[in-house]
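Worksheet: the structure to be examined is printed underneath.
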Amino acid sequence: MGHVSRHHLETHPWISFKLDLERQIDSRMWMLLGEVISKSEHIAGAPLKPGLAEHLNEIYLSKGAHATTWIEGNTLTEEEVLQRVQRKLDLPPSQEYLGQEIDNIVKAYNVIIDDIVHSRSLALTPERIALFNQYVLEGVPIDEGVEPGRIRTKGVGVGTDYRGAPAEDCEHLLDQLCIWFDEFPNQLGEEYRQALTVIAALLAHLYIAWIHPFGDGNGRTARLVEFQLLNHAGVPTLSAHLPSDYYMRTRTQYYRVLQQTSRPPYPVGKFLRYALEGFVDELRDQVKIIQAQQLDVSWVNFVHEMVSDGHTPASVRQRYLVLDLLPYQFTQISKIPELSPRLAAAYAGKTRRTVSRDINALDELGLIVRERGAVRPFIEQMQAFLPLRARTDEPDKE
């Protein structure tokens, strides 16, 4: 084995592959880790209609691609990124590189997802990290001398006051990172392994940002590595995009915390706390979205049970009516035949009296709320079917 440089021990002492779990992980962070795991299990076990599941996967895939490229200066909006993911966005030649950057990230995501589908290993290797960088830089403008997927041979600056690790140390440091990631989650026993794998995923992101092993694309590469390792930790693909979305939303704080971790006293725990708090906030929002979708499915089933006269024209009209009403807002009764194409067809040739009879029937079934010539669906009654629990947002009253 040839000589291995250790210049980074002098220039970058914070790249130590060490974490003091007692001093740098406090009780609040352990609670956040528990919530990450709990909500990941909740989301992974939430059944969704196939069309809805595909839609949500597409939405969060585009959110992840938008976030990880926007942080690095890509100016496409979230809606434009979604259109690009759906192959509906054509850009003028002068802007095509923006679309290519999105395509590259999506390609890397899909490689990871394909590995999950086929139960391939998600372990971290230097070759895998280099492959991600190759994907990131494929076909996009890069500086002269930068080779996609190849470890740099020159020093590199990051922003105004940070330099990556010595070029001659980068290969060794990537090797050490992969060894560390393989060993770190096992140090406290099986019951802590998942939590420590989440920590390791976030820290792998941090270490790649510190090392900066490639001539360009290090930030995007770091976030792809984090996405893969969060999946390795058991986080659903739907949710593994969320940290990147959070870093984008808090970009200034993201860079500030990254800088602080490379200065004495090298507060790695500060980055972990920042990342975990944001990850949990995003998971909570994702759970609410999934719960709303599940409530909608339950509401549709409930309506079909309540309007149970089979396929008679009246029962079909009434189901269409209550399901097509805008949720949580009143619709003028006179506007009901205009709400949807199927309602327009159902009430074609019918008088206003037919609409009134259908409204009365739905009112008797308790499926709508009426107010001054307007109606809305009584969706909130579905809350009665949820498990009962006391409120925790108010102090006890004597």
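Quick note on numbering: the sequence shown equals residues 1 to 398 in full-length UniProt numbering. Beta carbons: idealized from backbone N, C-alpha and C, even for Gly. Computed from a predicted structure; not experimentally measured.
For residue j and residue i, believed in contact at Cβ under 8 Å, the rounded distance
| i | j | result |
| --- | --- | --- |
| residue 151 | residue 171 | 5 Å |
| residue 282 | residue 242 | 4 Å |
| residue 377 | residue 386 | Rounded, the Cβ-Cβ distance is 17 Å, inconsistent with contact. |
| residue 216 | residue 143 | 6 Å |
| residue 371 | residue 330 | 6 Å |
| residue 275 | residue 233 | Contact flag wrong, Cβ pair sits at about 13 Å. |
| residue 168 | residue 7 | 7 Å |
| residue 149 | residue 212 | Not a contact, Cβ separation roughly 15 Å. |
| residue 244 | residue 64 | 5 Å |
| residue 286 | residue 43 | 6 Å |
| residue 62 | residue 81 | 5 Å |
| residue 162 | residue 40 | About 32 Å; that fails the 8 Å criterion. |
Sheet register partners of residue i (DSSP bridge)
| i | result |
| --- | --- |
| residue 331 | 375 |
| residue 369 | 376 |
| residue 157 | 163 |
| residue 184 | DSSP output for residue 184 lists no bridge partner at all. |
| residue 214 | 151 |
Pairwise C-alpha distance: residue j and residue i
| i | j | result |
| --- | --- | --- |
| residue 103 | residue 363 | 51 Å |
| residue 1 | residue 77 | In this prediction, residue 1 has a pLDDT of 44, which is less than 50 and means its spatial position is unreliable; nothing more can be read from the coordinates. |
| residue 141 | residue 214 | 15 Å |
| residue 239 | residue 60 | 8 Å |
| residue 157 | residue 290 | 42 Å |
| residue 127 | residue 219 | 17 Å |
| residue 10 | residue 295 | 57 Å |
| residue 374 | residue 336 | 9 Å |
| residue 203 | residue 123 | 15 Å |
| residue 257 | residue 280 | 18 Å |
| residue 298 | residue 389 | 20 Å |
| residue 288 | residue 85 | 24 Å |
| residue 382 | residue 359 | 20 Å |
| residue 352 | residue 311 | 22 Å |
| residue 380 | residue 38 | 26 Å |
| residue 193 | residue 117 | 22 Å |
| residue 252 | residue 75 | 17 Å |
| residue 259 | residue 250 | 14 Å |
| residue 402 | residue 369 | An answer regarding residue 402 cannot be provided, because it is not within the stretch 1 to 398 covered by the chain. |
| residue 196 | residue 121 | 18 Å |
| residue 332 | residue 356 | 12 Å |
| residue 153 | residue 5 | 13 Å |
| residue 264 | residue 173 | 20 Å |
| residue 129 | residue 345 | 56 Å |
| residue 46 | residue 349 | 43 Å |
| residue 303 | residue 361 | 12 Å |
| residue 324 | residue 119 | 41 Å |
| residue 54 | residue 79 | 17 Å |
| residue 48 | residue 57 | 11 Å |
| residue 384 | residue 109 | 40 Å |
| residue 105 | residue 235 | 19 Å |
| residue 309 | residue 83 | 42 Å |
Nearest candidate by alpha-carbon position, reference residue i, set the options
| i | options | result |
| --- | --- | --- |
| residue 13 | 244, 166, 348 | 166 |
| residue 399 | 199, 255, 247, 218 | Residue coverage of the chain in this structure runs from 1 to 398, which leaves residue 399 outside it and unanswerable. |
| residue 327 | 306, 218, 300 | 300 |
| residue 316 | 354, 334, 293 | 354 |
| residue 52 | 293, 145, 11 | 293 |
| residue 15 | 380, 175, 310 | 175 |
| residue 134 | 183, 197, 147, 122 | 147 |
| residue 237 | 105, 112, 50 | 112 |
| residue 72 | 349, 369, 47, 255 | 255 |
| residue 100 | 132, 136, 109 | 136 |
| residue 404 | 264, 265, 263, 284 | This structure does not reach residue 404, given that the chain is present from 1 up to 398, and the question cannot be answered. |
| residue 131 | 264, 107, 348 | 107 |
| residue 17 | 307, 23, 183 | 183 |
| residue 20 | 187, 235, 365, 384 | 187 |
Minimum Cβ-Cβ distance from residue i to chain B less than 9 Å
| i | result |
| --- | --- |
| residue 284 | Within the model displayed, chain B is absent; a lone protein chain is all it includes. |
Residue i beta carbon near the ligand ATP (any heavy atom closer than 8 Å)
| i | result |
| --- | --- |
| residue 348 | Inclusion of the ligand ATP in the displayed structure is not the case, the ligand content being empty and no account of it being possible. |
*the stretch 220-228 contacting the stretch 56-70, beta-carbon criterion three pairs below 8 Å*: yes
*Would you be able to state if there are at least three C-beta pairs under 8 Å between the stretch 27-40 and the stretch 205-218?*
no
*Is the number of C-beta pairs between the stretch 172-189 and the stretch 88-99 that are closer than 8 Å three or more?*
Counting Cβ pairs under 8 Å, fewer than three are found: no touch.
_Measuring CB atoms only, is the stretch 259-270 touching the stretch 80-95, in the sense that at least three cross pairs come out at less than 8 Å?_
no
_Sufficient close CB pairs (3 or more, under 8 Å) joining the stretch 312-331 to the stretch 339-350_ = yes
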